[in-house]
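Residue numbers (the numbering used here): 44 to 393.
This is the structure we're talking about:
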């Protein structure tokens, strides 16, 4: 991994001008492909089985990456020494998130759930104001309202356009609520991570968290899901989803946060709902998107941009380093310091 300098950017970034665009395009493509493959898999495989297999293969890939570096090995040990926090993060960020979003995908399709998940910055803003007494602004409130209205409008308009073969009103409501619930829990995951694990590099904490998530999802799938009908080809698809499309997004998003910051990395996700909807059309799993659907996705994306955008705080005057054991020293993800950038929880790919 590249260590950023005091400005929060990777050294030598000017010499590798193609690196950031390549990483950005790769992340958007992987996220979009992950949604499309998830939608295909949950149509024939129990969503809990997909969630468990996806988390397990991502756990293997991320752990192999983490143990290759001395700092990664040290961080893995530090995270594993906090079992209560690991269990809470695993439940919020993997068990509840994947269960909600993958069950929702089975009901309403990948593009609709993907659009709901893209509202994560807005949902995080609401959670921060209501549960953690964070400050708000008119811009963020307006952006959250616009994004929410755009997403709800898309669910209704796209569902009506696909009335012949699309989900009914009950399925839209059930799937939408499941996806929203999963995204809501991931918003809490971000806050818990900041409060209890911010002194551990994000990628070093992920092996313990994904390992615990694998145990939770795996035991639930074994107890409550009939796995006998899952074919070897389906398990292969799940392995690709976790190891090829999920784990690399964690790594790429972490590198982009180091090089360009959390705002740039979050903004990349705004393109994903468009690509997923076009992908569904190209694969024949959905009709061509109409103008109202495209405009509503654009309105939702604009709302998310309003929420995550706006003036950023100026870099503070350099201060003596604080002890690493003090989580408050990097609890604000908008702080443009290298420590805060490195310890921002990576985007959870879907």
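Yeah, the Cβ is synthetic: ideal placement off N, Cα and C, and Gly gets one too.
**Study point:** Whole beta strand (DSSP E) elements within the region 229-287, 3-residue minimum
**Key:** Runs of the beta strand (DSSP E) inside the region 229-287: none found.
Check your understanding: Which of the three DSSP states, helix, strand or coil, is assigned to residue 193?
Key -> For the purposes of this step, residue 193 is taken as the residue at position 150 of the chain shown. If DSSP states are grouped into helix, strand and coil, residue 193 belongs with the helices.
Exercise for review: To the nearest angstrom, report how far apart residue 245 and residue 115 are at their CA atoms.
Suggested key: Reading the chain shown from its first residue, position 202 is the one you call residue 245. Reading the chain shown from its first residue, position 72 is the one you call residue 115. Straight-line Cα distance between these residues: approximately 10 Å.
Check your understanding: Quick one, which of 126, 253, 349 and 93 has its alpha-carbon nearest residue 265's?
Key -> To locate residue 265, count along the chain shown from 1; it is residue 222. When each option's Cα is compared against that of residue 265, the closest is 93.
Practice item. Within its chain, find whatever has a CB closer than 7 Å to the CB of residue 172; leave out the 5 residues flanking it on each side and keep chain order. Key: Residue numbering aside, residue 172 sits at position 129 when the chain shown is read from its first letter. Cβ neighbours of residue 172 beyond the five flanking positions: 179.
Practice item. Buried or exposed for residue 290, please, with buried defined as at least 16 other CB atoms from any protein chain shown within 10 angstroms of its CB. Key: Start at 1 with the first residue of the chain shown, and residue 290 comes out as number 247. Counting Cβ neighbours within 10 Å, residue 290 comes out buried, since at least 16 surround it.
Check your understanding: Can at least three beta-carbon pairs, one atom from the region 100-110 and one from the region 225-240, be found at a separation below 8 Å?
Key -> The region 100-110 is not in contact with the region 225-240.
Review point. If you draw a straight line from the alpha carbon of residue 394 to that of residue 339, how long is it in whole angstroms?
Key: One cannot answer for residue 394 here, as it falls past the ends of the chain, which runs 44 to 393.
Review point. Helix, strand or coil: which one does DSSP assign to residue 294?
Key: Within the chain shown, the letter at position 251 stands for residue 294. Three-state DSSP puts residue 294 in a helix.
Exercise for review: Given a cut-off of 8 Å, decide if residue 323 and residue 154 are closer than it, judged by their beta-carbon atoms.
Suggested key: Within the chain shown, numbered from 1, the residue matching residue 154 stands at position 111. Within the chain shown, numbered from 1, the residue matching residue 323 stands at position 280. A contact, by the Cβ cut-off of 8 Å.
Check your understanding: Are the CB atoms of residue 98 and residue 256 nearer to each other than 8 Å?
Key -> As a first step, residue 98 must be located in the chain shown, where it is residue number 55. As a first step, residue 256 must be located in the chain shown, where it is residue number 213. The answer is yes: Cβ separation under 8 Å.
Practice item. Could you check how far apart the C-beta atoms of residue 96 and residue 219 are, in whole angstroms? I think they sit under 8 Å. Key: For this step, residue 96 is matched to residue 53 along the chain shown. For this step, residue 219 is matched to residue 176 along the chain shown. No, residue 96 and residue 219 are not in contact; Cβ-Cβ is about 25 Å, not under 8 Å.
**Study point:** Check whether residue 198 and residue 215 have beta carbons under 8 Å apart
**Key:** To locate residue 198, count along the chain shown from 1; it is residue 155. To locate residue 215, count along the chain shown from 1; it is residue 172. With respect to the 8 Å criterion, residue 198 and residue 215 are classified as neighbours on the basis of their beta carbons.
Check your understanding: residue 373 to residue 177, Cα distance in whole Å?
Key -> Locating residue 373 in the chain shown gives position 330, counting from the first residue. Locating residue 177 in the chain shown gives position 134, counting from the first residue. Caution applies to residue 373, whose pLDDT of 33 falls short of 50 and renders its modelled position unreliable; the model cannot decide the point.
**Study point:** Nearest-angstrom Cβ-Cβ length linking residue 351 and residue 164, presumed shorter than 8 Å
**Key:** Along the chain shown, read from residue 1 onward, the residue named residue 351 stands at position 308. Along the chain shown, read from residue 1 onward, the residue named residue 164 stands at position 121. Between residue 164 and residue 351 the Cβ distance is about 5 Å, and since that is below 8 Å, they are a contact.
**Study point:** 8 Å Cβ cutoff met for residue 135 and residue 226
**Key:** Position 92 of the chain shown, counting from 1, holds the residue named residue 135. Position 183 of the chain shown, counting from 1, holds the residue named residue 226. Contact annotation: residue 135 and residue 226 have beta-carbon atoms that are not nearer than 8 Å.
Practice item. Confirm, please, whether the CB-CB distance from residue 251 to residue 110 is below 8 Å. Key: The residue you call residue 110 lines up with position 67 of the chain shown. The residue you call residue 251 lines up with position 208 of the chain shown. No. Outside cutoff.
Practice item. Find out if the Cβ-Cβ distance for the pair residue 240, residue 248 is shorter than 8 Å. Key: The sequence position of residue 240 within the chain shown is 197, counting from 1. The sequence position of residue 248 within the chain shown is 205, counting from 1. One thing to note: residue 240 has its Cβ within 8 Å of the Cβ of residue 248.
Point to revise | Host alpha helix (DSSP H) of residue 123 (start-end) | key: Here residue 123 refers to the residue found at position 80 of the chain shown. Where residue 123 is concerned, the enclosing alpha helix (DSSP H) starts and stops at 113-123.
Review point. Do residue 200 and residue 347 have their C-beta atoms within less than 8 Å of each other?
Key: Locating residue 200 in the chain shown gives position 157, where the first residue counts as 1. Locating residue 347 in the chain shown gives position 304, where the first residue counts as 1. Cβ atoms of residue 200 and residue 347: not closer than 8 Å.
Point to revise | Distance between residue 306 and residue 187 (C-alpha atoms, nearest Å) | key: As a first step, residue 187 must be located in the chain shown, where it is residue number 144. As a first step, residue 306 must be located in the chain shown, where it is residue number 263. One C-alpha to the other measures close to 16 Å.
Check your understanding: Start and end of the alpha helix (DSSP H) containing residue 167?
Key -> Position 124 of the chain shown, counted from the start, is the residue given in the question as residue 167. Annotation for residue 167: the continuous alpha helix (DSSP H) segment containing it runs 163-175.
Review point. Which same chain residues, not among the five before or five after residue 280, have their C-beta less than 7 Å away from its C-beta?
Key: Taking the first residue of the chain shown as position 1, residue 280 is located at position 237. Correct list, in chain order: 80 and 84.
Exercise for review: Check whether the Cβ atoms of residue 78 and residue 315 sit closer than 8 Å, and answer yes or no.
Suggested key: Locating residue 78 in the chain shown gives position 35, where the first residue counts as 1. Locating residue 315 in the chain shown gives position 272, where the first residue counts as 1. Result yes, Cβ atoms of residue 78 and residue 315 sit closer than 8 Å.
Practice item. Helix, strand or coil for residue 358, going by three-state DSSP, please let me know. Key: Numbered from 1 along the chain shown, position 315 holds the residue referred to as residue 358. Note that residue 358 scores 48 on pLDDT, short of 50, meaning its location in the model is unreliable and no value can be drawn from it.
Check your understanding: So what's residue 351 in DSSP terms, helix, strand or just coil?
Key -> Indexing the chain shown from 1 puts residue 351 at position 308. Helix at residue 351.
Point to revise | Exposure of residue 273, with buried meaning 16 or more beta-carbon neighbours within 10 Å | key: Indexing the chain shown from 1 puts residue 273 at position 230. Buried, by the Cβ-count rule.
Exercise for review: For residue 308, collect the residues of the same chain with a Cβ closer than 6 Å to its Cβ; drop the 5 residues on either side in sequence, then sort them by chain order.
Suggested key: Here residue 308 refers to the residue found at position 265 when the chain shown is read from its first residue. Leaving aside the five residues that flank residue 308 on each side, the residues in its chain whose CB is nearer than 6 Å to its CB run, in chain order, 296, 299 and 300.
Exercise for review: Can you say whether residue 168 is buried or exposed, counting buried as having 16 or more other CB atoms within 10 angstroms of its CB?
Suggested key: What you label residue 168 is simply residue 125 of the chain shown in a count that begins at 1. Under this definition residue 168 is a buried residue.
Point to revise | Of the listed residues 69, 62, 133 and 60, nearest to residue 311 (C-alpha basis) | key: For this step, residue 311 is matched to residue 268 along the chain shown. When 69, 62, 133 and 60 are compared, the shortest CA-CA separation from residue 311 is found for 69.
Review point. Using CA coordinates, which residue listed in 223, 76 and 122 is at the minimum distance from residue 160?
Key: Within the chain shown, the letter at position 117 stands for residue 160. When only C-alpha atoms are compared, the closest one is 223.
Review point. Do residue 182 and residue 349 have their CB atoms nearer than 8 Å?
Key: Mapped onto the chain shown, residue 182 falls at position 139. Mapped onto the chain shown, residue 349 falls at position 306. Yes, Cβ-Cβ distance for residue 182 and residue 349 is below 8 Å.
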